[in-house]
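Engineer: Residue numbering for the sequence shown follows numbering that gives the first Met the number 0, starting at 0 and increasing by one per position.
There's a structure below that I have some questions on.
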Amino acid sequence: MKKDKLHIHWYPGHIAKAEKKLKEQLSLVDAVIEVLDARLPYSSSYDNITRLLGEKPRLILLNKADLTDKQELKKWISLIEEKTGFPVLPTDAKNSKDLSVIVKKSVELSEPRIQALMKKGLLRRPARVMVVGMPNVGKSSIINKLTRSSKTKIGAKAGVTRQQQWVRLNPQLELLDTPGIIPMKQEDQDRAKKLAFVNAVSENAYSSEIVAKELLSMLNSKYPILTREFYKLDKDLDLTLENISKQRNWIVAGGNPDIERTSVYVLRDFREGKIGKFILDDFCE
Ligand SMILES: Nc1nc2c(ncn2[C@@H]2O[C@H](COP(=O)(O)OP(=O)(O)OP(=O)(O)O)[C@@H](O)[C@H]2O)c(=O)[nH]1
Ligand SMILES: [Mg+2]
């Protein structure tokens, strides 16, 4: 697949392995924390999650809430709670106010299985909770926040966690960090694009220029004023990579705009929340 085409395709071998491993570990855990990217409450959910996780009790965390509009996020929380029947909490790596509620919910959700095991004669053991979600949504960061440590490796790109890793939080709770999983194929290109915007897709799967162009086009239709203001573009100028490069004076030899550099910066500005606090999925999708 050519990288300059609009289509974003991935067939990462480690995803297949991660999915298999996840299924293997499922019987060992009492509950699951599913982490979504709050900027994509719909697109960062894994379609096959219910098939994969079966009846396991689940806590859904909408992470990176610091990068979203809080009021809009509230509506999504109610919608997801209603649709899934599971508790949903907004969270972000830097805010530790919700530590105790996440721990309490995880232990609570695990309790029925622990009780059932104790009835069979086993001794009480810590709750075992597996943390799952798409790449780069912040699974490892959440574990580090909960354990107030750097026990798991984190990084601003997809596929940082390569292997499962158990982390003990306290005598009551143990967490299993897992590599991010994405569907083996993504037929829905709108969703694939949005996953690329938030860096959930390996950068090898697309061209930065095409994805940055698509991002600008989406921001232009959803948040035109904020985006234009951020890039200090005059009203009569279209929100394009060319105009942003010229405005920043990023010019290459021959006087042409430096599209490559601008693409990288536009993606980074968005991912770091510099342009604004956005939710890119349309409500009621
Ligand atoms: N702004 C913001 N950034 C976050 C938050 N949580 C994580 N990050 C950043 O997002 C990036 C990915 O975090 P990780 O914890 O490595 O994500 P992951 O889900 O474990 O990713 P994989 O291991 O690749 O599946 C890192 O650069 C983190 O610093 C958050 O709540 N807010
Ligand atoms: Mg990780």
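Where a beta carbon is used, it is the ideal one built from N, C-alpha and C, also for glycine.
Taking the alpha-carbon of residue 161 as reference, which of 175, 171, 191, 148 has the nearest alpha-carbon?
Structural biologist: Residue 175 is the option with its Cα nearest to residue 161.
Engineer: Quick check: what's the CA-CA separation for residue 79 versus residue 212?
Structural biologist: Cα-Cα distance, rounded: 30 angstroms.
Engineer: Which residue wins for smallest C-alpha separation from residue 110, given the options 99, 54, 119, 123?
Structural biologist: The residue with the shortest Cα to Cα distance from residue 110 is 123.
Engineer: Can you find at least 3 beta carbon pairs, one from the region 133-150 and one from the region 194-202, that sit closer than 8 angstroms?
Structural biologist: Segments in contact, yes.
Engineer: Assuming the contact rule is C-beta atoms closer than 8 angstroms, residue 101 and residue 90 should be a hit. Round their C-beta distance to whole Å, please.
Structural biologist: Residue 101 to residue 90, Cβ: 7 angstroms. Contact.
Engineer: Along the chain, where does the alpha helix (DSSP H) that runs through residue 114 open and close?
Structural biologist: Run containing residue 114: 98-118, per the alpha helix (DSSP H) assignment.
Engineer: Tell me whether residue 136, by its Cβ, gets closer than 7 angstroms to a heavy atom of ligand 1.
Structural biologist: Result yes, Cβ under 7 angstroms from ligand 1.
Engineer: Return yes when at least one heavy atom of ligand 1 lies under 7 angstroms from the C-beta of residue 174, else no.
Structural biologist: Not under cutoff, so the answer is no.
Engineer: Roughly how many whole angstroms lie between the Cα atoms of residue 127 and residue 206?
Structural biologist: Their backbone Cα atoms lie some 40 angstroms apart in a straight line.
Engineer: To the nearest whole angstrom, what separates the beta carbons of residue 276 and residue 67, a pair I think is in contact under 8 angstroms?
Structural biologist: That belief holds up - the Cβ atoms of residue 276 and residue 67 are roughly 5 angstroms apart, short of 8 angstroms.
Engineer: With residue 227 as the anchor, note down where its beta strand (DSSP E) starts and where it stops.
Structural biologist: Element bounds for residue 227: not the beta strand (DSSP E) but the alpha helix (DSSP H), 223-229.
Engineer: Hey, how far is the Cα of residue 18 from the Cα of residue 217?
Structural biologist: Their Cα atoms are separated by approximately 31 angstroms.
Engineer: Which residue spans inside the region 34-78 form an unbroken alpha helix (DSSP H) run of at least 4?
Structural biologist: You should have 48-52.
Engineer: Looking at chain D, is there any beta carbon in it that lies within less than 8 angstroms of the beta carbon of residue 235?
Structural biologist: Reference to chain D is not applicable here, since this structure consists of a single protein chain.
Engineer: Under 7 angstroms Cβ to Cβ from residue 266, same chain only, skipping five residues before and after it: list those, please.
Structural biologist: Closer than 7 angstroms at the Cβ level, and outside the excluded window around residue 266, lie 207, 210, 211, 214.
Engineer: According to DSSP, simplified to helix, strand and coil, what is residue 268?
Structural biologist: Helix.
Engineer: Within the continuous alpha helix (DSSP H) that includes residue 242, where are the two ends?
Structural biologist: Its alpha helix (DSSP H) spans residues 240-247.
Engineer: Kindly list the residues whose CB is nearer than 6 angstroms to the CB of residue 190, restricted to its own chain and excluding five residues on each side of it in sequence; keep chain order.
Structural biologist: Excluding positions up to five away in sequence, the list reads 42.
Engineer: Note the first and the last residue of the continuous beta strand (DSSP E) segment covering residue 143.
Structural biologist: Segment 138-146 is the alpha helix (DSSP H) holding residue 143; no beta strand (DSSP E) there.
Engineer: Counting C-beta neighbours from all protein chains within 10 Å, is the total for residue 117 16 or more, i.e. buried, or is it exposed?
Structural biologist: With fewer than 16 Cβ atoms within 10 Å of its Cβ, residue 117 is classed as exposed.
Engineer: Please confirm whether any heavy atom of ligand 1 lies closer than 7 angstroms to the CB of residue 15.
Structural biologist: Result no, Cβ not under 7 angstroms from ligand 1.
Engineer: Is the beta carbon of residue 279 closer than 8 angstroms to that of residue 60?
Structural biologist: No.
Engineer: For residue 169, list the residues DSSP reports as bridge partners.
Structural biologist: For residue 169, which the question treats as bridged, DSSP gives the partners 172.
Engineer: If we call anything under 8 angstroms between Cβ atoms a contact, is residue 159 one with residue 150?
Structural biologist: In this structure, residue 150 does not lie closer than 8 angstroms to residue 159 by Cβ.
Engineer: Would you tell me roughly how many angstroms separate the C-alpha atoms of residue 256 and residue 245, rounded to the nearest one?
Structural biologist: Looking at the two C-alpha atoms, the distance is approximately 6 angstroms.
Engineer: Comparing the CB of residue 153 with every heavy atom of ligand 3, is any distance shorter than 7 angstroms?
Structural biologist: What this structure holds is ligand 1 and ligand 2, not ligand 3.
Engineer: Here's the rule: buried if 16 or more other CB atoms are within 10 angstroms of the residue's CB, otherwise exposed. What is residue 253?
Structural biologist: Answer is exposed; the Cβ neighbour count stays below 16.
Engineer: Please look up how many angstroms separate the CB atoms of residue 130 and residue 32, rounded, as I've assumed it's under 8 angstroms.
Structural biologist: Rounded, the Cβ-Cβ distance is 5 angstroms, consistent with contact.
Engineer: Got a sec? Which residues, its chain only, sit under 8 angstroms from residue 232 by beta carbon, not counting five neighbours each side?
Structural biologist: Cβ within range, chain order: 238, 242, 243, 246.
Engineer: Where do the ends of the alpha helix (DSSP H) carrying residue 190 lie?
Structural biologist: It spans 188-196 - the alpha helix (DSSP H) in which residue 190 sits, taken as one unbroken run.
Engineer: Taking residue 64 as the reference, give the member of 54, 57, 145, 76 with the closest Cα.
Structural biologist: When each option's Cα is compared against that of residue 64, the closest is 76.
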